[in-house]
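>
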Amino acid sequence: MEPQSAFQFHGNWKELAPILFTNLLLTIVTLGFYRFWGTTRVRQYLWSQTQFIDDRLEWTGTGKELFIGFMMATFLIIVPLVGLQFLAQYLAVNGSAGLSSLLTVVFYFGFLYLSGFAIYRGLRYRLGRTYWRGIRGGSDDPGFSYGWAATWKTFVGGMLLGILVPWSMKELWNDRWNRMSFGPHKFESNVTMDGLLGRWLIAYAVIFASIIGVVVIMATLMATISFGDVGDVPNAAMIIPFIVAIFGVYFLIGLAFLAYYALFYRSAVRGLSLHTLDFDFKARTMDWLKLAIGDIALVIFTLGIGSIFLSYRHWKFFITHMEAYGEINVDELTQSKTERSKHGEGLMDAFDVGAI
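Sequential numbering of the sequence shown, starting at 123, is according to the numbering used here.
1. Under 6 Å Cβ to Cβ from Asn300, same chain only, skipping five residues before and after it: list those, please.
2. Could you work out which residue in Phe197, Gly244, Tyr242, Phe231 is closest to Val278 when comparing CA atoms only?
3. I'd like to know whether the C-beta atoms of His397 and Glu187 end up nearer to each other than 8 Å.
4. Can you name the residues that DSSP bridges to Ala446?
5. So what does Glu180 bridge to, in DSSP terms?
6. When the Cα of Gly269 is compared with those of Gly244, Tyr247, Leu234, Phe364, which residue comes out closest?
7. The alpha helix (DSSP H) with Gln207 in it runs from where to where?
8. Quick check on Asn145: buried or exposed, where buried means 16 or more other Cβ atoms within 10 Å of its Cβ?
9. What is the DSSP secondary structure of Lys186, reduced to helix, strand or coil?
10. With a 10 Å radius around its C-beta and 16 neighbouring C-beta atoms as the bar for buried, classify Leu142 as buried or exposed.
11. Identify which residue in Ala139, Gly244, Met408, Leu282 has its Cα closest to the Cα of Ala195.
12. Between the alpha carbons of Ala139 and Tyr167, how many angstroms are there, rounded?
13. Any idea if Thr161 is buried or exposed, counting beta-carbon neighbours within 10 angstroms, 16 or more meaning buried?
14. Given a cut-off of 8 Å, decide if Ala390 and Val313 are closer than it, judged by their beta-carbon atoms.
15. Sort out for me which residues DSSP pairs His307 with in a bridge.
16. Could you round the C-beta distance between Trp159 and Gly185 to whole angstroms and report it? I think they count as a contact, below 8 Å.
17. List the DSSP bridge partners of Gln173.
18. Is the CB-CB distance between Tyr253 and Leu198 below 8 Å?
19. Using 8 Å for Cβ pairs, my map puts Ala378 next to Ile339. What's the rounded Cβ distance?
20. In chain order, what residues of the same chain have a beta carbon less than 7 Å from the beta carbon of Trp181, not counting five sequence neighbours either side?
21. Is it the case that the Cβ atoms of Ile375 and Ser332 are separated by a distance below 8 Å?
22. Just curious, the alpha helix (DSSP H) that Leu294 is in, first and last residue?
23. Could you tell me whether the stretch 313-327 touches the stretch 278-294, where touching means 3 or more Cβ pairs closer than 8 Å?
24. What do you get for Phe309, buried or exposed, if any count of 16 or more other CB atoms within 10 angstroms of its CB means buried?
25. Going by beta-carbon coordinates alone, are Ile241 and Gln457 separated by less than 8 Å?
26. Alpha carbon to alpha carbon, how far is Gln207 from Gly220? Give it in angstroms, no decimals.
27. Closest to Val336 by C-alpha separation, out of Gly393, Leu209, Ile361, would be which residue?
28. Counting only the same chain and skipping the five closest in sequence on each side, list residues whose C-beta sits under 8 Å from that of Gly445.
29. What is the residue span of the beta strand (DSSP E) that Leu396 lies within?
30. Using a Cβ-Cβ cutoff of less than 6 Å, which residues in the same chain neighbour Met123 once the five nearest sequence positions on both sides are dropped?
31. Among Ser222, Phe192, Gly393, which one has its Cα closest to the Cα of Gly205?
32. Rounding to the nearest angstrom, what Cα-Cα distance links Glu454 and Phe330 in this structure?
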């Protein structure tokens, strides 16, 4: 008999379905406003069905927090950024190309900063609203310095055609988690580059090989048309292989990057520890591929309605493959003294970024 995992998920999609369909209906009726409260209801269910060792998690966030956070992010940050972009376009049209270029650069780096800041604040908020045995997580670091780190590290990662992206990702993961804590203990993250760059370069090689393949197929198709009779037009026998090749290219590129991300996420979680606990993540590329194909099939064959179950599938996937090793002295656990965020992950929601 296999030893029991430290993480267990007891939820069932049939139990969650009434909540999800109610959320969908109320979100439509309220023109989208209810989705913040709907998100809270879903998280309350998912957290309550997740067991870590001998107790279940508890989600204490509220829909009001998410709504206020989103509204603040939208009107104080997103609207000014969009206005800045429109101003840059207006100046470009009216002959002020230099000033327009400057504003575009400001917009780009501002977007990088706020995206990183949003991811950090979202993680901080979720840890602060997650309880286990009455203990929560969080961070006293508001994340402003992390935003700057995310800006320059993301920029550097994108240099040299993105070759340094793995370095950027592992640096930001370490930086983010090393600022977090749970109860009286701080997280420690020490992800290395072992294997990441090689897997990333394989993904790059697949891209270039796929591009060359598409060019060859297109050239062959055009040559066939050119050397045919004047009245000839491409028929199904010629077009279908081309379409199949295009879809094949997209699949191979997606699979290559999925293989990289599977390795990165395993490495990232394995590099994470909390006091005497070490974490692990078991999912490999094939597991991620099955998840992705299942998501696509669910959305397509339900005409989009099945998308409401994606959060359930992703959470179950995460918990099912998550593992922890070590011992916990419950008597040492005390409540976190970190400051709780007053608002939800509005900026992350506004930028449409998140984590599993």
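Using N, Cα and C, we set each Cβ at its ideal position, and we do this for glycine too. Just so you know, these numbers come straight off a predicted model, no measurement behind them.
From the atom records:
1. Answer for Asn300: Ser311, listed in chain order.
2. In this structure, Phe231 is the residue among Phe197, Gly244, Tyr242, Phe231 with its C-alpha nearest to the C-alpha of Val278.
3. Taking 8 Å as the cut-off, the Cβ atoms of His397 and Glu187 do not count as close.
4. As computed with DSSP, Ala446 is found in a beta bridge with Phe401.
5. Partner(s): Tyr253.
6. When the alpha-carbon of Gly269 is set against those of Gly244, Tyr247, Leu234, Phe364, the nearest one is in Leu234.
7. Where Gln207 is concerned, the enclosing alpha helix (DSSP H) stretches over 201-215.
8. Counting Cβ neighbours within 10 Å, Asn145 comes out buried, since at least 16 surround it.
9. In the three-state DSSP reduction, Lys186 falls in the helix class (H, G or I).
10. Flag for Leu142 reads buried.
11. Ranked by Cα distance from Ala195, the first of Ala139, Gly244, Met408, Leu282 is Gly244.
12. If you take the alpha carbons of Ala139 and Tyr167, they lie about 11 Å apart.
13. With 16 or more other CB atoms across the displayed protein chains lying within 10 angstroms of its CB, Thr161 is buried.
14. For the 8 Å CB-CB criterion, Val313 and Ala390 form a contact.
15. Its beta-bridge partners are Phe304.
16. Right, their Cβ atoms sit about 3 Å apart.
17. Note: Gln173 sits in a beta bridge opposite Gln130, Arg178.
18. Taking 8 Å as the Cβ cut-off, Tyr253 and Leu198 do not qualify as a contacting pair.
19. Under the criterion of beta carbons closer than 8 Å, Ala378 and Ile339 do not qualify as touching, at roughly 19 Å.
20. Contacts found: Arg165, Gln166, Trp169, Arg251, Thr252.
21. Between Ile375 and Ser332, the C-beta gap is smaller than 8 Å, which places the two residues in contact.
22. Residues 287-299.
23. At 8 Å Cβ cutoff, the stretches touch.
24. The Cβ neighbour count for Phe309, taken over all protein chains shown within 10 Å, is at least 16; the residue is labelled buried.
25. Against a cut-off of 8 Å, the Cβ pair of Gln457 and Ile241 comes out as no contact.
26. One C-alpha to the other measures close to 14 Å.
27. Closest option to Val336, Cα to Cα, is Ile361.
28. First, the residue type needs correcting, since residue 445 is Glu and not Gly in the sequence shown. Leaving aside the five residues that flank Glu445 on each side, the residues in its chain whose CB is nearer than 8 Å to its CB run, in chain order, Ser127, Ala128, Phe129, Phe401, Asp402, Phe403, Lys404.
29. Element bounds for Leu396: 394-396.
30. For Met123, the pLDDT reaches just 47, beneath the cut-off of 50, and the residue's location in the model is therefore unreliable, although a value from the coordinates is still provided. Counting only residues of its own chain and dropping the five nearest sequence neighbours on each side, Met123 has no CB closer than 6 Å to any other CB.
31. Selected option, being the one with the closest Cα: Ser222.
32. Taking the straight line from one Cα to the other gives about 54 Å.
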